[in-house]
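Numbering (our numbering), first residue to last: 3 to 466.
Quick reminder that beta carbons are idealized off the backbone N, C-alpha and C, glycines included.
Notes to accompany the following structure.
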Ligand code: FAD
C-alpha cells in the first residue's frame, strides 16, 4: 500500500521537530503540521522566553550587591518593552533555526492544524486528507483554564505573561507548581509587588520538603508574599486594576492575575477517541515504553503523553521513536533519575528521590544536609542561604537523591545528575577533590550525616 508520507507528525514542538528530523535522516518521507509557530511551547511560550526573563530579573541583585565590592552604580532603571522586544527577536531567530533545520532535512512543513482521521490518515484544517504509514502525535499541553470562580475571564495564563504591553506593578500568581513559582519570583525580581496564592500546604508539591521550606523562606526574604492554603474566590474590576478575593477573606489589589494551576494535554478535538486511541483520565495519550499508542500505526511523545513534562524528555522520546521506527534500532527512553531545575531566585536543582520517597521505601538511610551563606554574599551583604542535601542508602552507600537551593543550582544538578545516574556512592562523592573556593564544593565535603534513619516497616506513601 502506498502512502503520501512515511511519517506525519502533528505538532512542531520539542518532540515533534526532533522526531521529524531524525526520521527524515533515516530516509523517511516526513511532513509536520503546526498550527502555531515552529518550536512549540519551549521556544515560543515556555523555557526560553522564561529563562530570558529570569536573567533580566537577576540584574537588580547584581547592582545592589556590587556596592559591597566597591562599585558605585548610578540609578538603574528597567524598561519592560525593551526586554519584551529583544526577547521576541531572539525567539524569532530560534524559530527560524528550527524551520531551517526541518527544511534542510527535507521535512515538509504544513502550517495548519491537523487531526487524526484514521490509523493512517490525518485531515488538515483546509480539508485535505493525507495518508501516512506512521502518525506521531506531538501536540504538547496547554495551560489549564480557570473557570470556577467569578471573574476568571479577567485572569491570564503563562501564555499571555510573555507579551504584556506593560510590567504589572502588582501581580497575583495563583498556583504552587514550578511555573507559578518561577513567574512569581522573576516578576518580584523585576520590581513587581507579587503575591503567590496556593491552595496546598506548601509550594512545589513533589519536591523534597526541605527544598520547599527553604525556598519559601528565601522567596519571602526577597519580598515575595507567599500564601499557602489560600484559594481564590473571585476577581473583579476596580477603577485601578483588579481586586482578588480569597476564601480566607483576604482582598488583594493587582494589575494582573496569573493562573498557573497546571497544564492539560492537547488532545481535545484531535479525533483520538474516534480513531480508537486510548486516553487516561486527564486526557493524556496512553503509550507503552516505545511511545506506541493503542493503535499500532500511531505513536505519541512529549507532554501530550503526560509522562515527565520537560523539553529534554520530549526530545529524547521523539529521537528514540524515530530511531526505533525508522532507524531499525529499538531505543527505549529511561525516565528514571531525570535532573530538573526550578529557575526561581534562588534556583532549585534536584535529581533522584525526595526524602519522603526514600523514607517510604523503608530501608535505612542517611541525610547529609548543609545550609550556609555563599562567599559571594559576604561582601555583598545579602542574607541568602544555600541548601544542599544528599540522601544516601545506609546499606549500600548509594546516593539516592541530591537537592540544592541556591545560585546556579540548575547548572550544578546537570553535572551531579551524571554521577547519580552512574550509581555513585557517597564514598565516590567523598573521594572527589573539592574545587575551592566554590559553593558546590560543599557537595563533596559533607562528612557526617545530619540524620540517620534506621530501617523500618514500609508504610504506604499516601499515609505520609
Ligand atoms: P510542545 O512544545 O508544546 O509542542 C506542541 C506543538 O504542537 C505546539 O507548537 C502546538 O502549537 C502544536 N499543535 C498542537 N495541536 C496541534 C494540531 N492539532 N495541529 C498542528 N499543530 C498542533 N521544560 C523544561 O525542560 N525546562 C523549562 O525550564 C521549562 N519551562 C517551561 C515554562 C513554561 C511557562 C511552560 C509552559 C513550559 C515549560 N517547560 C519547561 C515545559 C516544556 O515547554 C514542554 O515540556 C515541552 O515544550 C514539551 O514539548 P512537546 O513537543 O511535547 O510539545
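Please state whether DSSP places residue i in a helix, a strand or coil.
{"i": "residue 473", "result": "Past the boundaries of the shown model lies residue 473; the chain is included only from 3 to 466, so the question cannot be answered."}
{"i": "residue 22", "result": "helix"}
{"i": "residue 413", "result": "helix"}
{"i": "residue 395", "result": "strand"}
{"i": "residue 466", "result": "Note that residue 466 scores a pLDDT of 47, beneath 50, so its modelled location is shaky; the value from the coordinates is reported in the next line. It is coil, neither helix nor strand."}
{"i": "residue 115", "result": "coil"}
{"i": "residue 69", "result": "helix"}
{"i": "residue 1", "result": "Any question about residue 1 goes unanswered here, given that the chain covers just 3 to 466."}
{"i": "residue 243", "result": "strand"}
{"i": "residue 353", "result": "strand"}
{"i": "residue 317", "result": "helix"}
{"i": "residue 261", "result": "strand"}
{"i": "residue 4", "result": "coil"}
{"i": "residue 281", "result": "strand"}
{"i": "residue 10", "result": "strand"}
{"i": "residue 438", "result": "coil"}
{"i": "residue 234", "result": "strand"}
{"i": "residue 362", "result": "helix"}
{"i": "residue 176", "result": "strand"}
{"i": "residue 218", "result": "helix"}
{"i": "residue 267", "result": "strand"}
{"i": "residue 390", "result": "strand"}
Run the CB neighbour count on residue i, radius 10 Å, all protein chains shown included, and call it buried at 16 or more, exposed below.
{"i": "residue 336", "result": "exposed"}
{"i": "residue 298", "result": "exposed"}
{"i": "residue 241", "result": "exposed"}
{"i": "residue 46", "result": "buried"}
{"i": "residue 234", "result": "buried"}
{"i": "residue 466", "result": "Any answer about residue 466 is weak, because its pLDDT of 47 lies below 50 and its placement is not dependable; what the coordinates show is given next. The residue in question, residue 466, is exposed, as its Cβ has fewer than 16 Cβ neighbours within 10 Å."}
{"i": "residue 3", "result": "exposed"}
{"i": "residue 321", "result": "buried"}
{"i": "residue 181", "result": "buried"}
{"i": "residue 77", "result": "exposed"}
{"i": "residue 210", "result": "buried"}
Below 8 angstroms on the Cβ atoms is my contact criterion, and I expect residue i with residue j to pass it. Report the Cβ-Cβ distance as a whole number of Å.
{"i": "residue 280", "j": "residue 296", "result": "4 angstroms"}
{"i": "residue 114", "j": "residue 96", "result": "Not really, about 21 angstroms apart at Cβ, beyond 8 angstroms."}
{"i": "residue 141", "j": "residue 272", "result": "7 angstroms"}
{"i": "residue 402", "j": "residue 370", "result": "Going by Cβ atoms, the distance from residue 402 to residue 370 rounds to 11 angstroms, so no, they are not a contact pair."}
{"i": "residue 343", "j": "residue 411", "result": "6 angstroms"}
{"i": "residue 199", "j": "residue 174", "result": "6 angstroms"}
{"i": "residue 347", "j": "residue 160", "result": "Not really, about 18 angstroms apart at Cβ, beyond 8 angstroms."}
{"i": "residue 7", "j": "residue 134", "result": "4 angstroms"}
{"i": "residue 406", "j": "residue 414", "result": "6 angstroms"}
The alpha helix (DSSP H) that contains residue i, what's its start and end?
{"i": "residue 104", "result": "82-106"}
{"i": "residue 183", "result": "180-191"}
{"i": "residue 46", "result": "42-47"}
{"i": "residue 431", "result": "428-433"}
{"i": "residue 163", "result": "160-163"}
{"i": "residue 380", "result": "378-382"}
Does ligand 2 have even one heavy atom less than 7 angstroms from the beta-carbon of residue i?
{"i": "residue 17", "result": "Only ligand 1 can be found as ligands here, which leaves ligand 2 out of the picture."}
Output the boundary residues of the beta strand (DSSP E) element that contains residue i.
{"i": "residue 403", "result": "401-407"}
{"i": "residue 454", "result": "453-455"}
{"i": "residue 295", "result": "Segment: none, residue 295 is in no beta strand (DSSP E) and carries neither H nor E."}
{"i": "residue 255", "result": "253-256"}
{"i": "residue 198", "result": "195-200"}
Between residue i and chain C, is any beta-carbon pair separated by less than 8 angstroms?
{"i": "residue 416", "result": "Going by chain labels, chain C is absent from the structure shown, which holds only one protein chain."}
Fill in: Segment contact, 8 angstroms Cβ cut-off, at least three pairs: the stretch 219-230 with the stretch 137-152
In this structure the stretch 219-230 does not touch the stretch 137-152; the number of beta carbon pairs closer than 8 angstroms is below three.
Worksheet item: Does the stretch 8-19 come within contact of the stretch 301-317, defined as at least 3 CB pairs closer than 8 angstroms?
Response: Pairwise C-beta distances place the stretch 8-19 in contact with the stretch 301-317, as three or more of them are shorter than 8 angstroms.
Worksheet item: Within the chosen definition, does the stretch 381-391 reach the stretch 55-75 through at least 3 CB pairs nearer than 8 angstroms?
Response: With the cut-off at 8 angstroms, the stretch 381-391 and the stretch 55-75 touch.
Worksheet entry | Cβ contact check for the stretch 353-361 and the stretch 431-441: 3 or more pairs under 8 angstroms | Segments in contact, no.
Worksheet item: For the 8 angstroms Cβ check, are there 3 or more pairs between the stretch 81-99 and the stretch 42-56?
Response: Yes, they touch.
Worksheet item: Does the stretch 205-213 come close enough to the stretch 284-292 to have 3 or more Cβ pairs within less than 8 angstroms?
Response: Note that the stretch 205-213 does not touch the stretch 284-292; fewer than 3 beta-carbon pairs, one per stretch, sit closer than 8 angstroms.
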